[in-house]
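Trainee:
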Amino acid sequence: GESVGLHLPTLSVQEGDNSIINCAYSNSASDYFIWYKQESGKGPQFIIDIRSNMDKRQGQRVTVLLNKTVKHLSLQIAATQPGDSAVYFCAETSAGGTSYGKLTFGQGTILTVHP
Amino acid sequence: GAGVSQSPSNKVTEKGKDVELRCDPISGHTALYWYRQSLGQGLEFLIYFQGNSAPDKSGLPSDRFSAERTGGSVSTLTIQRTQQEDSAVYLCASSYNLMETQYFGPGTRLLVL
Chain A
-6 GESVGLHLPT
4 LSVQEGDNSI
14 INCAYSNSAS
24 DYFIWYKQES
34 GKGPQFIIDI
44 RSNMDKRQGQ
54 RVTVLLNKTV
64 KHLSLQIAAT
74 QPGDSAVYFC
84 AETSAGGTSY
94 GKLTFGQGTI
104 LTVHP
Chain B
2 GAGVSQSPSN
12 KVTEKGKDVE
22 LRCDPISGHT
32 ALYWYRQSLG
42 QGLEFLIYFQ
52 GNSAPDKSGL
62 PSDRFSAERT
72 GGSVSTLTIQ
82 RTQQEDSAVY
92 LCASSYNLME
102 TQYFGPGTRL
112 LVL
């Protein structure tokens, strides 16, 4: 079935570096994408989202880029801090058909930030 | 304001017992979702409610799983005759409407012995 996947399962960076986490999706009908951060023992925490009518959206220290042509999503974290260490998930859904309202999650990328 | 809350936070049960998991969504959120997170399967969708109605139950793993929502607020996920493969973290999320941002609770960690 349709799925969302990540290229890199782990990412290790130094504090202050910029981080880029990538995600590939396969459902061309997907029109809403979200990045979540999950710390150990906690539920996923919303970071930023983007809809398919946009290709870039910025938040505080985070930017999401969407390339619909190649079905690719990325999360950029500027000036990464140790508190950013967590598992990051991309998720997608579409407004039509049986996918409506259901989030399909990628496998997750473990981000480790070294002081 | 208060986020999504779930109870219990942890549950250990014996194989064959029934368990009931509870979710309190964010006040005013009409949509509520249940997901399951396990090591082997990642995060998988189980069921969603729009109001008290669950239009699609196809994500429930078996007929031992059921969910209900009353009064457009609290939801319970019931697992009958639990099996060891049911061990996972059960996550609840809510959103203002369908296709809006889903906010997750802390989850219930279920261990079936």
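The listed protein sequences derive, respectively, from chains A and B.
Residue numbers for the first sequence follow the working numbering, beginning at -6 and rising by one.
Residue numbers for the second sequence follow the working numbering, beginning at 2 and rising by one.
By construction, the Cβ of each residue, glycine as well, lies at the ideal position given by its N, Cα and C atoms.
The structure displayed is predicted, hence computed values, not measured ones.
1) Could you give the residue range of the beta strand (DSSP E) that holds glycine 43 (chain B)?
2) Taking 8 angstroms as the threshold (C-beta atoms), are leucine 58 (chain A) and serine 45 (chain A) in contact?
3) Could you pull out every residue in the same chain whose Cβ sits closer than 7 angstroms to the Cβ of aspartate 24 (chain A), ignoring the five residues on either side in sequence?
4) Quick one: give me the first and last residue of the beta strand (DSSP E) that tyrosine 97 (chain B) is part of.
5) If you measure beta-carbon to beta-carbon, which residues of the segment 65 to 91 of chain B are closer than 8 angstroms to chain A?
6) For the beta strand (DSSP E) that lysine 16 (chain B) lies in, which residues bound it at each end?
7) Should leucine 114 (chain B) be labelled buried (16 or more other beta-carbon atoms within 10 Å of its own) or exposed?
8) Under 6 angstroms Cβ to Cβ from arginine 82 (chain B), same chain only, skipping five residues before and after it: list those, please.
9) Ends of the beta strand (DSSP E) at serine 12 (chain A)?
10) Is the distance from the Cβ of glycine 94 (chain A) to the Cβ of cysteine 83 (chain A) below 8 angstroms?
11) On the premise that alanine 32 (chain B) lies in contact with leucine 99 (chain B), defined as a C-beta separation below 8 angstroms, what is that separation, rounded to the nearest angstrom?
12) Going by beta-carbon coordinates alone, are alanine 68 (chain B) and alanine 55 (chain B) separated by less than 8 angstroms?
Mentor: Here's the rundown:
1) 43 to 51
2) no
3) Excluding sequence neighbours, aspartate 24 (chain A) sits near Arg44, Ser45, Ser87 and Ala88.
4) Where tyrosine 97 (chain B) is concerned, there is no enclosing beta strand (DSSP E), given that its DSSP letter is neither H nor E.
5) none
6) Per DSSP, lysine 16 (chain B) lies in no beta strand (DSSP E) and is assigned neither H nor E.
7) exposed
8) Taken in chain order, the residues that qualify are Gly17 and Arg65.
9) 12 to 18
10) No, the pair does not count as a contact, with Cβ atoms beyond the cut-off.
11) 5 angstroms
12) yes
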